[in-house]
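In terms of this note's numbering, the sequence shown is residues -13 to 336.
Here is the structure we will look at, set down as structure tokens.
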Amino acid sequence: MSKIRQLASILLLSATLLTTYALAQTNLTQIRDTINNSDGTPFNGTLVITWNGYWTTLSGTISPLSTSARIYNGALSVLLVPTTTAAAGSYYQVVYYSKNGTVMWTETWQVPPSSNSLSVAAVRVSTTTGSGGSGGSGSTGGTGNGPYATLPISISQVTNLSSSLSQINSALTSLTNTVNGLSGVTPSTISFVDGETPSGTINGSNSGFALSQTPVPVSSLELYRNGLVQTAGVDYTLNGKAITFLTANIPRSGDLLQAYYRSSTGTSSGGGGTTSPSFTDAEFPTGTIGGANLIFTLAVAPSPAGSLKLYKNGMLLQQPNDYSLSGVTVTFVSAAAPQAGDLITAYYRH
């Protein structure tokens, strides 16, 4: 279900803001920050950024232009056209949509020109609490003023949203049928597959790969390419065990593919089992993050060890290229040592 919601977030708005407006102004400002929910956990979801205001080359107002940015484990990085040097009244309306659909809030941003990256706090001028919670590094506040009101957004205001929702409904129907088909599957038949390398030639032209088992449910599949999570329907399609990458995303020579998923076959790879496990999510390993320290400690030893997914700034790290694991101790290689400002998070079973 989370994969489908992620697909919905990506399909919501086309990224026209930067490519259109940057033709008139090439100096972009980078907004880079770590976004947390109000309870301190990393935010996962989509940021929808809408330009509101005037275009100085036109005599009147223009329709708002929007772009979106994906936030994974709190890591945000986006390039924006400055508003403070644009026509008076220009600003960004920013809406946060959580991956699980339970949290939403809005902010107003004023972005100045800057050769250095800026934090969200440096550009935020107001915050409005939305449904399910509030936050964005824990902030709250009121709405901003401007020539356009962007919320609520109707379906007719978003390009291709109606057709996208139709596709999502079809996917939900397929998922429901799959879940209904598992009504006779007991917990003892569910197993976990950790860090599997799909079979297939990685050469820049082959698009077909195969898993050893069929993911059940299909939404449990997390497919990574060089540490970046891939999106079903956007980067690849899945049919049973068969993975087919879309033309623009075919793996090239030297790429690393890894798959994590659940199965109902009763067997496991990566040391998994069919017993009822405990889960640890979004843990911050203890240890000094400053570029010199290489050793960090988990609260519990991952079991199996292959279930550990360790992220640095939202990127999945690899064993043994980036780190090694011994019990609860994570030891980074020198080249991957966490630097000041990095965010390390761990997910595993035990």
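Just so you know, even glycine gets a beta-carbon here, dropped at the ideal spot from N, CA and C.
Bear in mind the structure is a predicted one, so any value in this text is a computation, not a measurement.
Is the beta carbon of residue i within less than 6 angstroms of some heavy atom of the ligand GTP?
{"i": "Ala228", "result": "You won't find the ligand GTP in this model; it holds no ligand whatsoever."}
With DSSP collapsed to three states, give me the class of residue i.
{"i": "Val106", "result": "helix"}
{"i": "Thr47", "result": "Bear in mind that a pLDDT of 45 at Thr47, under 50, signals an unreliable position, so the number given afterwards is only what the model happens to contain. Of the three classes helix, strand and coil, the one that applies to Thr47 here is strand, per DSSP."}
{"i": "Ser264", "result": "coil"}
{"i": "Ser63", "result": "strand"}
{"i": "Ala322", "result": "helix"}
{"i": "Ala157", "result": "helix"}
{"i": "Leu311", "result": "strand"}
{"i": "Gln96", "result": "coil"}
{"i": "Leu280", "result": "coil"}
{"i": "Leu33", "result": "strand"}
{"i": "Ala72", "result": "coil"}
{"i": "Ala55", "result": "strand"}
{"i": "Ala287", "result": "coil"}
{"i": "Ser250", "result": "coil"}
{"i": "Leu243", "result": "strand"}
{"i": "Ile236", "result": "coil"}
{"i": "Ser84", "result": "strand"}
{"i": "Leu374", "result": "Absent from the model: residue 374. The displayed extent of the chain is -13 to 336, so no value can be given."}
{"i": "Ile141", "result": "helix"}
What is the C-beta distance between residue i and residue j, in whole angstroms, given that I count them as a contact (C-beta under 8 angstroms)?
{"i": "Ile275", "j": "Asp328", "result": "6 angstroms"}
{"i": "Ser388", "j": "Tyr247", "result": "Because the chain is modelled from -13 through 336, residue 388 falls outside the range shown and cannot be assessed."}
{"i": "Leu65", "j": "Gln96", "result": "Going by Cβ atoms, the distance from Leu65 to Gln96 rounds to 16 angstroms, so no, they are not a contact pair."}
{"i": "Gln79", "j": "Thr94", "result": "6 angstroms"}
{"i": "Ile176", "j": "Ser293", "result": "With a Cβ gap of about 14 angstroms, Ile176 and Ser293 do not count as contacting."}
{"i": "Thr27", "j": "Ala268", "result": "6 angstroms"}
{"i": "Ser406", "j": "Thr32", "result": "Because the chain here runs from -13 to 336, residue 406 falls outside it and cannot be looked at."}
{"i": "Tyr210", "j": "Leu302", "result": "5 angstroms"}
{"i": "Lys295", "j": "Tyr333", "result": "5 angstroms"}
Exposed or buried, residue i, counting other C-beta atoms within 10 Å across all chains shown (16 or more means buried)?
{"i": "Ile141", "result": "exposed"}
{"i": "Ala321", "result": "exposed"}
{"i": "Thr187", "result": "exposed"}
{"i": "Ser239", "result": "exposed"}
{"i": "Thr331", "result": "buried"}
{"i": "Asp25", "result": "exposed"}
{"i": "Ser179", "result": "Note on residue identity: the sequence assigns Val, not Ser, to residue 179. When all chains shown are included, Val179 counts as buried."}
{"i": "Ala245", "result": "buried"}
{"i": "Gly300", "result": "buried"}
{"i": "Ile63", "result": "The question names Ile, but residue 63 is Ser in the sequence shown. Flag for Ser63 reads exposed."}
{"i": "Asn23", "result": "buried"}
{"i": "Thr317", "result": "exposed"}
{"i": "Ala234", "result": "exposed"}
{"i": "Phe195", "result": "buried"}
{"i": "Gln325", "result": "exposed"}
{"i": "Asn59", "result": "buried"}
- Report the residue ranges of all beta strand (DSSP E) runs contained in full by the segment 160 to 234; include only those spanning at least 3 residues, in chain order. 177 to 182, 194 to 196, 208 to 211, 222 to 225, 228 to 231
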